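Below is one structure, written out as C-alpha cells; the observations come after it.
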Amino acid sequence: MSRFFAASTYNDDDDFGGLSSSSDEESLRSISSDSSMDLSSSEDSDDSFFNDSDESESSDEGGRNYDDDSDSKPYGPDWFKKSQYRKGPPQNKFLKSVESSDESNLSSDNDGQWDSDMDNDESGKKVVKSARDKLLDEMKTILNYISKAGIDQSNSTQLLDNFDLLLRLQIRSIQQNFGTPPIFIETLIKYNEFIKDLDSKEDDLQFDNKSVAKAYNVLKQRVKKSIKENQQFINEDGTVAISAMEATISQVPLLSGSGATNLISAQTTTSGNFQDLLENTSSGNYFETLQAVIDSRGKKNVQSSDLISVLNGLLNIENISAYQKIMTYLTLIPIRLESSQQLSYQPIDQWNETFVTVANFMSLLEENISKYHVSEFAKYNDNLPVEPEPVNGVVPILGSIFAFVERLDDEFNKSLLNTDPHSSDYLLRLKDETKLYTLLIRVQLYLEKVYLEKHPLALNRIIIKRLNHIYYKSQPIAFKLEKLVWKNISYSSSSIIAFSEDKDYVTNLINTLIECIASNIEASKKSNEVNNFATDVEDDIIRSNLFKIYYHALNLTYDFTEIKQMLITLNVNKVRSQSTSTSLQILFNRVVVQLGLCAFKSSLIEECHEVLNELLSSSHLREILGQQSLQRILHHQSTIGNNNTNINLIATEQCLPYHKHINLDLVDIVFMTCSLIIEVPQITAFYSGIKIKKTPYTARSIRRILEHFDKQNYQPPAESSRDLIIFSAKAMQSGDWAKCYEYLLKIKVWNQLLNHEEILENLQKRIKLESLKTYLFTYKRFYSNISIKQLSDRFQLPEDTILEEIPKVLKNMEITSIKLNDSNDFIVFDKTDEITKLEEVAIKLNKEYKITKERLFPPRH
Numbered sequence: 001m002s003r004f005f006a007a008s009t010y011n012d013d014d015d016f017g018g019l020s021s022s023s024d025e026e027s028l029r030s031i032s033s034d035s036s037m038d039l040s041s042s043e044d045s046d047d048s049f050f051n052d053s054d055e056s057e058s059s060d061e062g063g064r065n066y067d068d069d070s071d072s073k074p075y076g077p078d079w080f081k082k083s084q085y086r087k088g089p090p091q092n093k094f095l096k097s098v099e100s101s102d103e104s105n106l107s108s109d110n111d112g113q114w115d116s117d118m119d120n121d122e123s124g125k126k127v128v129k130s131a132r133d134k135l136l137d138e139m140k141t142i143l144n145y146i147s148k149a150g151i152d153q154s155n156s157t158q159l160l161d162n163f164d165l166l167l168r169l170q171i172r173s174i175q176q177n178f179g180t181p182p183i184f185i186e187t188l189i190k191y192n193e194f195i196k197d198l199d200s201k202e203d204d205l206q207f208d209n210k211s212v213a214k215a216y217n218v219l220k221q222r223v224k225k226s227i228k229e230n231q232q233f234i235n236e237d238g239t240v241a242i243s244a245m246e247a248t249i250s251q252v253p254l255l256s257g258s259g260a261t262n263l264i265s266a267q268t269t270t271s272g273n274f275q276d277l278l279e280n281t282s283s284g285n286y287f288e289t290l291q292a293v294i295d296s297r298g299k300k301n302v303q304s305s306d307l308i309s310v311l312n313g314l315l316n317i318e319n320i321s322a323y324q325k326i327m328t329y330l331t332l333i334p335i336r337l338e339s340s341q342q343l344s345y346q347p348i349d350q351w352n353e354t355f356v357t358v359a360n361f362m363s364l365l366e367e368n369i370s371k372y373h374v375s376e377f378a379k380y381n382d383n384l385p386v387e388p389e390p391v392n393g394v395v396p397i398l399g400s401i402f403a404f405v406e407r408l409d410d411e412f413n414k415s416l417l418n419t420d421p422h423s424s425d426y427l428l429r430l431k432d433e434t435k436l437y438t439l440l441i442r443v444q445l446y447l448e449k450v451y452l453e454k455h456p457l458a459l460n461r462i463i464i465k466r467l468n469h470i471y472y473k474s475q476p477i478a479f480k481l482e483k484l485v486w487k488n489i490s491y492s493s494s495s496i497i498a499f500s501e502d503k504d505y506v507t508n509l510i511n512t513l514i515e516c517i518a519s520n521i522e523a524s525k526k527s528n529e530v531n532n533f534a535t536d537v538e539d540d541i542i543r544s545n546l547f548k549i550y551y552h553a554l555n556l557t558y559d560f561t562e563i564k565q566m567l568i569t570l571n572v573n574k575v576r577s578q579s580t581s582t583s584l585q586i587l588f589n590r591v592v593v594q595l596g597l598c599a600f601k602s603s604l605i606e607e608c609h610e611v612l613n614e615l616l617s618s619s620h621l622r623e624i625l626g627q628q629s630l631q632r633i634l635h636h637q638s639t640i641g642n643n644n645t646n647i648n649l650i651a652t653e654q655c656l657p658y659h660k661h662i663n664l665d666l667v668d669i670v671f672m673t674c675s676l677i678i679e680v681p682q683i684t685a686f687y688s689g690i691k692i693k694k695t696p697y698t699a700r701s702i703r704r705i706l707e708h709f710d711k712q713n714y715q716p717p718a719e720s721s722r723d724l725i726i727f728s729a730k731a732m733q734s735g736d737w738a739k740c741y742e743y744l745l746k747i748k749v750w751n752q753l754l755n756h757e758e759i760l761e762n763l764q765k766r767i768k769l770e771s772l773k774t775y776l777f778t779y780k781r782f783y784s785n786i787s788i789k790q791l792s793d794r795f796q797l798p799e800d801t802i803l804e805e806i807p808k809v810l811k812n813m814e815i816t817s818i819k820l821n822d823s824n825d826f827i828v829f830d831k832t833d834e835i836t837k838l839e840e841v842a843i844k845l846n847k848e849y850k851i852t853k854e855r856l857f858p859p860r861h
C-alpha cells in the first residue's frame, strides 16, 4: 500500500498507524495542539448558521479537532514529525483554519450567534467572510442607512430600493437555511416607525413629483405586509422577540409563518407542478392556490403562461363566490398584460385574449355592482381570504378597471404604429377599435356609479380617453360609431348624456363631456381632492378643450371666429412651454392646422394664410404634428446614442396612428392656394409700377416659387399638384380666371375636404375677383377707360360686385391713378405719372450700365 494512504489508515483499536501506547498518544496530542496554537478560531461553515459551538466534522473519536483544509493535520511522509520539522509551504491564509474546540470562547449573548467572527482573529490575519456574514453586513448597511436618513419623504425612492434589497436578502437567508436574522426584524421595525412618523404628518406631507409619491405608497404597502408576516417575531413594544426567534430556530431552520409558506409555494410551484396544484384546488382551499400564484408572479423560472393557465382554471371551478372571481381577475389581467412587456407591442392573439378577459371581468362587476365596487380608493386588504368590511352595504375592493382598459388602448395604438398603414392588416386591426370603444363606454358607465359622487376627478381620465377616440372623426362617422356601440351595451343611458338619434348628438356629446370634466374639477377643488389625486388637472382642462376645438374646426359646427376665440381663451403659453408633455404640444399643433383648414373652408383666405404661415414655415412639419413613423424615431434615437430604457414609450408619445393623420398634401395645397390669391395681385401691381407695401414671405409662398420657376430654361407641363398651382398662378397673372380655376380643379386632394364642392364654388368667386385685379394692374397702360359691363361679361361677375370691390382695392392699395367716373359705369386710368414699358426698360438698362461701369472702371482718388 502506498505510504500516503498507509499514513492515514487506522481502526478503533489502533489509532494512527498502530500506536497504542498512551504516552505516544499523549505526544501526538501535544503535537496536534502545538500545531494549532498559531491558528485563530475558524469561521463557521456556510451550512451552519446557528451552531457556532458545534464541533468540526473532521474530529476523530479521540477528540482531535482538525479541519480538512488546514495544514496542521498529519498527512504524507512527514505525518509523524513535529510541526516545526515538517516540509511544505506555510499555511495558506485563504484556507479555513482549525476550529477551536474550546466552547468557552463562544459568545453567551442571545445575539452572539448572529455576530460576525471577524473579531476572533487574534493574530490579525485576514479571514474570508462567510456567506452568512456577507448577508448580515448587507442588512446592517440598510439598517445604518435608515438610521441616518431620518424622516424625509424625499428619500422614498431610495428607501424603497433598499427595502426591496432587504426582502431579497431575507429570501436568500431562508433558502440557505439561515432562518430570519434579528437584524432583519430590527430593520423592518425601523421602516415601520418611519412610515408611522410620516403618516402622523399627513396634512403637511408633500412630495416633489409623482415618482416619489408612488414610491412612498408602494413602500408603505410592502412594509405593512412584511410586518404582518413576521408579527410573531415582534414584541408589543416594537422590539425584536428574541425568545420567539430562538424557539423557531431550535425547531426548524425555516419560518413557519405566512412568509415562509409563500416562499415555499413560489419555489415548489414550478411549471411541472402547476397542473397538480390546480387539480388539488377546490372552493375550500381556493385562496391558498391564488396566493401561491400571486407569490410566484415575477419569480425566476416561472412562466407567465403557467400562471395564466392556473388562473383560468381557478375561474372554471364550480361554486366559487363573486369575490373569489374578482380577486382572480385582478391577478389574471396584470399577468396577461405583463407577459408581452418586453415586446414592441402585444401580439394580436394575446391582445384579443386580454380583451375578452377584461370584458368578462367588466360583466362580472356589472352583475355585482350592488355588492362589490372595485375602486382605486379602497383600502388594501391584508387578509386575502376575508372580504373587506362593507361600506354602506357595498364591499370596496382595491383595484383599477380603468388601468386595464388604458393598457389595452395603449397596446392597440402600439400595434397600429408597428403595422404598415398601407396594408390590409392595418384595416383589419382598425376594426377592433369599435369593440375597444364599447369597452371604454362600459367602464365609463361603471365608474359613474362608483366615483361620480365621492371621487369625480377620477372619472375625468376615462372621459378624456373616450374623447381621444372620437374628436378627430367627422360627425357622420362618429355618429355611426356611437349608434353601433349603444346597441351592444346593456345600460339604457349614461348619467352624463343619453344617446339620441338627433343629428347634433355627437356635437352635444363632446360639449357635455367637456363640461363634465370642468364640473368634476370644480367639485374636487371644493373637497381638496385635486391636491391628493395623482393627475395634472390643468393639462386635463387644456387637452379636453383642444379636443373640442379640433372637432368643431373639422366639422364646421361653429363659425371660425367662435372657434378661434375658444383657442385664444386657452393658456397658449402653457401649451407651448418646454415643460408641457410632447403629446399635448402635438395636439395643439394639430388644432392650429385644423383651424387654418376651417378658415379656408369658410372662404376666409387671409385668416387661413395667417394661421398656417408660421407652422408651414417649419422644416419639421411631420415631427411637430406627430406624423413621422415610429421606426424613424427609434432609428434616430439609436443614432444619437440614446440608451433610455423607456425609449419605446417616448417614441410612442411622439407618434400618432396613421388614421389620425392630417393630409399634409392638402395642407400644403391649401396654403399655396391662399398664397396665390393674396400675393399674385400684389406681384402684378408691383411690376406694373404701383407702389405697394412689401410683405414678408416664406419659402413656401407662391412668390418665391414663381421666381424660381421663371429662372428655369425649360418649363415642363404640369404633372404634380405643385405644378398645377404654379400654372394656375401664371394664368391669374395674365387675368385668365377660367384657366386658373381649371388648373386648380385638376388637383385631386380637394376630395379630402368635407363639402368640397361648395368650397370650390366659393373659391371660384374669389379667383374671379383676384383675376379682375391682376387684369386691371397688368393692362392699365393699354386703356384710358374700360366699362364695368365689359368687365362683368369677361369675369362673369355681377356689376354690383365689381362696383363694390373696385373702391376697396383702390383704397387699401392707395392707388390714385385708377378711379370710377361720376356715373360709375367706367373705370378711368390716369397716365400722368405713369411711364411706358419702353421707358421702363430704358431706365433699367441705364441703371445696369452705371453699375457695370463702376465695377469695371472704379473711380481714382
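Read left to right, the sequence shown gives residues 1 to 861 (UniProt numbering). Cβ atoms here follow ideal geometry from the backbone N, Cα and C, with glycine treated the same way. Please read all numbers here as calculations on a predicted model, not as lab measurements.
Exposure of residue i, with buried meaning 16 or more beta-carbon neighbours within 10 Å
i, result
"Arg-590", "buried"
"Gln-324", "buried"
"Val-128", "exposed"
"Asn-301", "exposed"
"Thr-328", "buried"
"Glu-354", "It is Thr, not Glu, that sits at residue 354 in the sequence shown. With 16 or more other Cβ atoms within 10 Å, it is buried."
"Leu-255", "Confidence at Leu-255 is low in this model, with a pLDDT of 34, below 50, so the placement of that residue should be treated as unreliable; the coordinate-derived value is given next. Buried."
"Ala-731", "buried"
"Ser-130", "buried"
"Lys-847", "exposed"
"Arg-407", "buried"
"Lys-548", "buried"
The beta strand (DSSP E) enclosing residue i, as first and last residue numbers
i, result
"Leu-398", "395-398"
"Phe-829", "826-829"
"Tyr-372", "372-375"
"Leu-820", "818-820"
"Asn-209", "Run containing Asn-209: none; DSSP gives neither H nor E here."
"Ile-726", "Per DSSP, Ile-726 belongs to no beta strand (DSSP E); it is in the alpha helix (DSSP H), 721-733."
Euclidean distance between Cα positions of residue i and residue j
i, j, result
"Ile-747", "Lys-210", "51 Å"
"Pro-334", "Leu-384", "17 Å"
"Phe-178", "Lys-225", "22 Å"
"Met-37", "Asp-133", "Confidence at Met-37 is low in this model, with a pLDDT of 41, below 50, so the placement of that residue is unreliable and no value is reported for it."
"Tyr-446", "Glu-366", "7 Å"
"Lys-526", "Lys-811", "57 Å"
"Ile-725", "Arg-781", "28 Å"
"Gly-789", "Ile-767", "Note that residue 789 corresponds to Lys in the displayed sequence, not to Gly. Looking at the two C-alpha atoms, the distance is approximately 19 Å."
"Tyr-426", "Leu-416", "7 Å"
"Tyr-472", "Asp-559", "18 Å"
"residue 872", "Lys-414", "Given that the chain is displayed from residue 1 to residue 861, the structure contains no residue 872 and the question cannot be resolved."
"Val-391", "Ile-496", "25 Å"
"Ile-142", "Gln-291", "29 Å"
"Asp-44", "Leu-166", "Confidence at Asp-44 is low in this model, with a pLDDT of 41, below 50, so its placement is unreliable and no value can be given for it."
"Lys-196", "Ile-146", "14 Å"
"Leu-452", "Gln-764", "53 Å"
Where the alpha helix (DSSP H) containing residue i begins and where it ends
i, result
"His-708", "702-710"
"Ile-568", "560-569"
"Asn-613", "605-616"
Distance between beta carbons of residue j and residue i, contact taken as under 8 Å
i, j, result
"Cys-740", "Ser-720", "About 17 Å separates the two Cβ atoms, so there is no contact after all."
"Ile-702", "Ile-605", "About 13 Å separates the two Cβ atoms, so there is no contact after all."
"Ser-688", "Thr-778", "6 Å"
"Ile-818", "Leu-776", "7 Å"
"Leu-584", "Gly-596", "Leu-584 to Gly-596, Cβ: 19 Å. No contact."
Any chain B beta carbon closer than 8 Å to residue i
i, result
"Lys-601", "Here there is only one protein chain, and chain B is not present."
(message) Would you call the segment 755-763 in contact with the segment 660-670, where contact means no fewer than 3 C-beta pairs closer than 8 Å?
(response) These segments do not touch.
(message) Count Cβ pairs between the segment 509-518 and the segment 535-544 that sit closer than 8 Å; are there 3 or more?
(response) Three or more beta-carbon pairs separated by less than 8 Å link the segment 509-518 to the segment 535-544, which places the two stretches in contact.
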